[in-house]
Ligand code: NAD
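Numbering (the working numbering), first residue to last: 681 to 1040.
This is how it looks when you write it as structure tokens:
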């Protein structure tokens, strides 16, 4: 098992290992002492792992309850959040108790926001079960629910007490979800870890999902968390360095929005990374070898390097992105593998960037 210490406004450990879910009770005891635990999961994940995790917790002496909600982004909303708060209240959860998010990024964001706000804040821990949640959503303390007016519009920064990531739980992840998570993994390699990028180039994608590859997956997840740690520790509240984590995301959000959120986030980010790299190459901001390596790796992991949407379909969603301040946006460009930077642009120039990136 690998352990990564995150020192943000609160310090905590991200433990990554194969089979470590069996240690949930012991690991949580070390950070909470005696507490009641509300296990929050969507219906898919609860059916697979909920009972087992609660049994492990009870064996370790925790009292447990369960909050199960229907899976999907459309349930990361105020209604589900309200139901969770009401259940915590009805079951007399107090500030010394704990919420455990067992699931993907939707579960982590929802449970984390409830933890940030219930009784002005109770402890929470994360057990990510998707690759995306393992490498991204479970670390760094961003929590949120969606409003009718937009994604993640109500939220809080709230660091967990522990992140426990069992690679074994990802075996049941649908293929498409796994690929979507790989887009974020590729992003980490591109922006800050050329060794990780090379490792991905040398790895056959199928081997990551076969039995016996847990060590490799554990290593890859841990390297991504190490990357995220650097950005979170430098810029916990997302005002500067953390923006580099948005490589591929500005144009990616345009694609997600234009598709009515039918294109999965990871697929949109993959295309976004390729579009911005092609445009940056034309401006002399990205080497042609770097652009080629990014496109090749994206395709190798079964992700799109292009989008069928047109510039005018993407622009409204890009312009309303949270990262756009007035007429200005900072675009993340990977100049060479492992080194990214921010390039200021005017919103009026974005159409040119998209055209140069190969978008009609
Ligand atoms: P998700 O939580 O909806 O999970 C995707 C699907 O996989 C769901 O249907 C779920 O039931 C299923 N699933 C999860 N784990 C499984 C498993 N082990 N086996 C079988 N099925 C499983 O989606 P996601 O992609 O994990 O997360 C996306 C969310 O994360 C978005 O809401 C996004 O805004 C958020 N996010 C947050 C941050 C952050 O920093 N807080 C960062 C990135 C993304």
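The beta carbon of each residue, even a glycine, is placed where N, CA and C say it ideally should be. Please read all numbers here as calculations on a predicted model, not as lab measurements.
Fewer than three beta-carbon pairs drawn from the stretch 683-692 and the stretch 723-734 are found closer than 8 angstroms, and the two stretches are therefore not classed as touching.
Between the ligand NAD and the CB of residue 816, the shortest heavy atom gap is smaller than 7 angstroms.
No residue range can be given for residue 885, since it is assigned to no alpha helix (DSSP H) and is classified by DSSP as neither H nor E.
It is roughly 19 angstroms from the alpha-carbon of residue 696 to the alpha-carbon of residue 730.
Residue 733: member of the alpha helix (DSSP H) spanning 731-739, first to last residue. Secondary structure in the stretch 686-729: the alpha helix (DSSP H) runs of 4 residues or longer, each lying completely within the stretch, are 704-712 in chain order.
Shown here, residue 1026 sits in a strand according to DSSP, grouped into three states. Beta-bridge partners assigned by DSSP to residue 781: 720, 806. Taking 8 angstroms as the cut-off, the Cβ atoms of residue 873 and residue 1018 count as close.
Per the DSSP secondary-structure output, residue 745 pairs in a beta bridge with 718.
For residue 949, no beta strand (DSSP E) encloses it; the enclosing alpha helix (DSSP H) starts and ends at 945-962.
Distances from the CB of residue 898 to the heavy atoms of the ligand NAD are all 7 angstroms or more. With a cutoff of 8 angstroms on beta-carbon distance, residue 801 and residue 916 are scored as not near each other. Uninterrupted beta strand (DSSP E) stretches at least 3 residues long and entirely within the stretch 985-1025 occur at 1008-1016, given in chain order. For residue 751, the shortest C-beta to heavy atom distance toward the ligand NAD is below 7 angstroms. With contacts defined by Cβ atoms closer than 8 angstroms, residue 883 and residue 850 do not form a contacting pair.
For residue 822, the enclosing beta strand (DSSP E) begins and ends at 822-827.
A check of alpha carbon separations from residue 1013 across 719, 1033, 1006, 995 identifies 1033 as the nearest. DSSP lists 822 as the bridge partner or partners of residue 837.
Beta-bridge analysis with DSSP links residue 846 to 697. Apart from sequence neighbours up to five positions away, the residues of its chain that approach residue 733 with a beta-carbon distance below 8 angstroms are 701, 704, 719, 780, 782, 807, ordered along the chain. When the Cα atoms are used, residue 842 and residue 829 turn out to be separated by approximately 32 angstroms.
Just so you know, the alpha carbons of residue 769 and residue 794 end up roughly 11 angstroms apart. Shown here, residue 801 sits in coil according to DSSP, grouped into three states, outside any helix or strand. Between residue 990 and residue 767, the alpha-carbon positions lie close to 45 angstroms from each other. In the structure shown, residue 867 adopts helical secondary structure according to DSSP, grouped into three states. In terms of CA proximity to residue 813, 786 leads the group 906, 707, 786, 797. Excluding the 5 residues flanking it on each side, residue 738 has same chain C-beta neighbours closer than 7 angstroms at 744, in chain order.
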